[in-house]
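Participant:
2 protein chains.
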Amino acid sequence: MEFSIRTANVDDCKDIARMVMELAEYEKVSEHVKVTQRDLEQDGFSKNPFFHAIVAEVPDQHKTKDGHMKIGYALYFFSYSSWKGRALFMEDLYVMPEFRGKGIGKALMSKVAQLGLAAGCSLMDFTVLDWNKSSVDFYLSQGCHDVTNTMGYHLMRCEGEALQKLAQP
Amino acid sequence: MEFSIRTANVDDCKDIARMVMELAEYEKVSEHVKVTQRDLEQDGFSKNPFFHAIVAEVPDQHKTKDGHMKIGYALYFFSYSSWKGRALFMEDLYVMPEFRGKGIGKALMSKVAQLGLAAGCSLMDFTVLDWNKSSVDFYLSQGCHDVTNTMGYHLMRCEGEALQKLAQP
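As they're listed, the protein sequences go chains A and B. To convert, note that position 61 of the first sequence is 78 in the numbering used here; the numbers rise steadily by one, no gaps. To convert, note that position 28 of the second sequence is 45 in the numbering used here; the numbers rise steadily by one, no gaps.
(1) Would you mind sorting A:TRP100 into buried or exposed? The rule is 16 or more other CB atoms within 10 Å of its CB.
(2) Check distances from the C-beta atoms of the segment 159-181 of chain A to those of chain B and list, in chain order, the residues that come in under 8 Å.
(3) Whose C-beta lies closer than 6 Å to the C-beta of B:ASP32 among residues of the same chain, with five residues either side of it excluded?
(4) Check distances from the C-beta atoms of the segment 52-68 of chain A to those of chain B and list, in chain order, the residues that come in under 7 Å.
(5) Does the CB of A:VAL112 have a neighbour CB from chain B at under 7 Å?
(6) For the candidate residues B:LEU40, B:GLY61, B:ILE71, whose alpha-carbon lies nearest to that of B:ALA25?
(7) Alpha carbon to alpha carbon, what distance is there between A:LEU140 and A:VAL164?
(8) Quick check on A:ARG103: buried or exposed, where buried means 16 or more other Cβ atoms within 10 Å of its Cβ?
(9) How many whole angstroms separate the CB atoms of B:ALA130 and A:ALA136, which I take to be in contact at a CB cut-off of 8 Å?
(10) Grab the span of the beta strand (DSSP E) containing B:PHE95 for me, first residue to last.
(11) So, is A:GLU108 buried or exposed, given that buried needs 16 or more other C-beta atoms within 10 angstroms?
(12) Could you tell me whether any Cβ in chain E is nearer than 7 Å to the Cβ of A:LEU125?
(13) What does B:GLY102 touch in chain A if you count any residue whose Cβ is under 7 Å from its own?
(14) Can you name the residues that DSSP bridges to B:HIS69?
(15) Could you tell me whether the segment 142-156 of chain A touches the segment 150-160 of chain B, using the rule of 3 or more Cβ pairs below 8 Å?
(16) Using a cut-off of 9 Å between C-beta atoms, extract the partners of B:VAL37 located in chain A.
(17) If you follow the alpha helix (DSSP H) that A:ALA179 is in, where does it begin and where does it stop?
(18) Would you call the segment 61-78 of chain A and the segment 113-132 of chain A in contact, with 3 or more CB pairs under 8 Å?
(19) Can you check whether the C-beta of A:SER151 is within less than 7 Å of a C-beta belonging to chain B?
(20) Going by C-alpha distance, which of A:PRO66, A:GLY84, A:ASN65 is nearest A:MET113?
(21) Counting only the same chain and skipping the five closest in sequence on each side, list residues whose C-beta sits under 6 Å from that of A:CYS138.
(22) At a Cβ threshold of 7 Å, is A:PHE155 touching chain B?
(23) Just the Cα atoms here: how many angstroms apart are A:LYS45 and A:ARG35?
(24) Who does A:GLY102 pair with in a DSSP beta bridge?
(25) By alpha-carbon positions, which one of B:PHE116, B:SER47, B:LYS150 ends up nearest to B:THR81?
(26) Is the beta carbon of A:PHE94 sitting closer than 7 Å to the one on B:TYR43?
(27) Going by DSSP in three states, B:PHE143 sits in which element: helix, strand or coil?
(28) Pick helix, strand or coil for A:SER21, following the three-state DSSP scheme.
(29) With 16 as the cutoff for other CB atoms within 10 Å, does A:HIS171 come out buried or exposed?
(30) Just to confirm, is the Cβ distance from A:ALA41 to A:VAL27 under 7 Å?
(31) Note down, in chain order, each residue of its chain lying with its Cβ closer than 8 Å to the Cβ of A:GLU39, except the 5 sequence neighbours on either side.
(32) Using DSSP with H/G/I as helix, E/B as strand and the rest coil, what is A:MET107?
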């Protein structure tokens with residue numbers, strides 16, 4: 018199927034917000050989503066953006082029954098490894114279910130990797146849910162490795178009241 | 018013990034590079050460290066830095082036998098959660114062994130939390146090695162939670178030849 022991938026602009030935030038919610042529903046955590054279209058507009062498309070995004074589009078004749086032509090996205094930001102230097106963190110990679118299996122996810126991920134290499138990054142990190150076997154298998158097939166399994170790294174989080182309390186001297 | 022915490026500047030990179038190596042030796046992965054003092058200077062202290070850092074210092078009378086007064090650091094960067102918005106990733110938190118148990122690590126982490134809240138971040142992520150029980154216990158005591166255990170998130174990585182290959186269209 019014909020599709021194209023391009024850098025996202027502020028006008029894509031409505032569709033990105035829709036797909037962020039679809040992805041959270043797929044991951045069974047939609048109640049955790051607090052981010053709005055307006056947050057994405059402000060945080061990703063002002064000076065010193067907190068993230069970058071790319072979108073996948075299909076031509077008009079392949080649009081969904083709801084009229085969507087933007088059918089996938091990846092969201093990433095630059096990170097840093099104190100061992101290996103400049104790095105990229107791919108926060109989200111999503112393709113709408115009816116467009117899966119056509120190489121669109123691979124193409125999105127490939128584009129993120131290109132952008133990272135162009136910026137001097139030597140590695141790309143991301144997370145995956147351990148029960149999401151199709152995603153895990155896809156990533157492993159692309160030569161990625163599971164740093165939690167191989168090295169014992171666990172992801173930790175501090176948020177809400179705990180973060181407020183931690184910040185008190 | 019008296020100590021102070023401040024934002025790092027380019028002149029701290031020599032000590033940060035030293036402590037990055039000490040931390041990697043503690044984590045038994047020093048052979049993975051490719052980052053040099055010069056990389057830190059370029060990547061952290063030019064326009065659009067890839068990371069930010071803070072350092073802990075002790076006064077002259079408490080310096081180490083090797084003459085070090087900079088005895089801890091935290092390295093972090095801004096990240097983004099597509100569910101919760103602006104976020105912070107604490108890449109490293111380190112205090113030299115002889116200065117542990119004095120609240121310096123807690124003070125460094127508290128400062129990172131303050132800086133994150135001031136920038137509108139609602140959460141702070143970081144990783145910990147599952148065999149590093151004293152660190153895991155410390156983080157849990159601060160109200161952090163283990164997202165790998167509770168939600169099943171695994172950290173994945175693509176690097177080297179795999180990243181080059183992925184980037185080919």
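C-beta atoms are modelled at their ideal positions from N, C-alpha and C, and glycine is treated no differently.
Facilitator: In this structure, then:
(1) The sequence position of residue 100 of chain A within the first sequence is 83, counting from 1. With 16 or more other Cβ atoms within 10 Å, it is buried.
(2) Within the segment 159-181 of chain A, the residues whose Cβ lies closer than 8 Å to some Cβ of chain B are GLN159, GLY160, CYS161, HIS162, ASP163, VAL164, THR165, ASN166, MET168, GLY169, TYR170, HIS171, LEU172, MET173, ARG174, CYS175, GLU176, GLY177, GLU178, ALA179, LEU180, GLN181, listed in chain order.
(3) Here residue 32 of chain B refers to the residue found at position 15 when the second sequence is read from its first residue. So the list reads LYS87, once near-sequence residues are dropped.
(4) VAL52, ASP56, ASP60, PHE67, PHE68
(5) In the first sequence, counting from the first residue as 1, residue 112 of chain A sits at position 95. Not one chain B Cβ lies under 7 Å of A:VAL112.
(6) Numbered from 1 along the second sequence, position 8 holds the residue referred to as residue 25 of chain B. Looking at the Cα atoms, B:ILE71 is the closest of the given residues.
(7) What you label residue 164 of chain A is simply residue 147 of the first sequence in a count that begins at 1. What you label residue 140 of chain A is simply residue 123 of the first sequence in a count that begins at 1. When rounded, the distance between both Cα atoms is 12 Å.
(8) Here residue 103 of chain A refers to the residue found at position 86 of the first sequence. By the neighbour-count rule (16 or more Cβ atoms within 10 Å), A:ARG103 is buried.
(9) To locate residue 130 of chain B, count along the second sequence from 1; it is residue 113. To locate residue 136 of chain A, count along the first sequence from 1; it is residue 119. Actually they are not in contact, since the Cβ atoms of B:ALA130 and A:ALA136 sit about 28 Å apart, beyond 8 Å.
(10) Here residue 95 of chain B corresponds to residue number 78 of the second sequence, with the count starting at 1. For B:PHE95, the enclosing beta strand (DSSP E) starts and ends at 87-98.
(11) For the purposes of this step, residue 108 of chain A is identified with residue 91 of the first sequence, where counting begins at 1. Classification for A:GLU108: buried.
(12) In the structure shown, chain E does not exist; the protein chains are A and B.
(13) Position 85 of the second sequence, counted from the first residue, corresponds to residue 102 of chain B. Per Cβ cutoff of 7 Å: LYS51, VAL52, ASP56, ASP60.
(14) Taking the second sequence and counting its residues from 1, the one referred to as residue 69 of chain B is at position 52. Answer is B:TYR93.
(15) The segment 142-156 of chain A vs the segment 150-160 of chain B: no contact.
(16) Indexing the second sequence from 1 puts residue 37 of chain B at position 20. Per Cβ cutoff of 9 Å: SER99, TRP100.
(17) For the purposes of this step, residue 179 of chain A is taken as residue 162 along the first sequence, with counting starting at 1. Counting along the chain, the alpha helix (DSSP H) containing A:ALA179 begins and ends at 177-183.
(18) yes
(19) As a working note, residue 151 of chain A is residue 134 in the first sequence. So no, A:SER151 is outside the interface.
(20) Residue mapping note: residue 113 of chain A aligns to position 96 of the first sequence, counting from 1. That would be A:GLY84, whose Cα lies nearest to the Cα of A:MET113.
(21) Locating residue 138 of chain A in the first sequence gives position 121, where the first residue counts as 1. Counting only Cβ-Cβ distances below 6 Å, and skipping sequence neighbours, we find ARG103, ALA104, LEU105.
(22) For the purposes of this step, residue 155 of chain A is taken as residue 138 along the first sequence, with counting starting at 1. Output row for A:PHE155: interface = no.
(23) Numbered from 1 along the first sequence, position 28 holds the residue referred to as residue 45 of chain A. Numbered from 1 along the first sequence, position 18 holds the residue referred to as residue 35 of chain A. Each residue's alpha carbon lies about 15 Å from the other.
(24) For the purposes of this step, residue 102 of chain A is identified with residue 85 of the first sequence, where counting begins at 1. BP columns for A:GLY102 point to A:SER98.
(25) Residue mapping note: residue 81 of chain B aligns to position 64 of the second sequence, counting from 1. Nearest of B:PHE116, B:SER47, B:LYS150 to B:THR81, Cα basis: B:PHE116.
(26) Translated into the one-based positions of the first sequence, residue 94 of chain A becomes position 77. Translated into the one-based positions of the second sequence, residue 43 of chain B becomes position 26. Taking 7 Å as the Cβ cut-off, A:PHE94 and B:TYR43 do not qualify as a contacting pair.
(27) Residue numbering aside, residue 143 of chain B sits at position 126 when the second sequence is read from its first letter. Strand.
(28) What you label residue 21 of chain A is simply residue 4 of the first sequence in a count that begins at 1. In the structure shown, A:SER21 falls within a strand segment according to DSSP collapsed to helix, strand and coil.
(29) Within the first sequence, residue 171 of chain A is the residue found at index 154, counting from 1. Counting C-beta atoms within 10 angstroms of its own C-beta, A:HIS171 has 16 or more neighbours from the protein chains shown and is therefore classed as buried.
(30) To locate residue 41 of chain A, count along the first sequence from 1; it is residue 24. To locate residue 27 of chain A, count along the first sequence from 1; it is residue 10. Contact flag unset, no.
(31) Mapped onto the first sequence, residue 39 of chain A falls at position 22. Once the five neighbours on either side are set aside, the close Cβ partners of A:GLU39 are TYR111, MET113.
(32) Taking the first residue of the first sequence as 1, we reach residue 107 of chain A at position 90. Strand.
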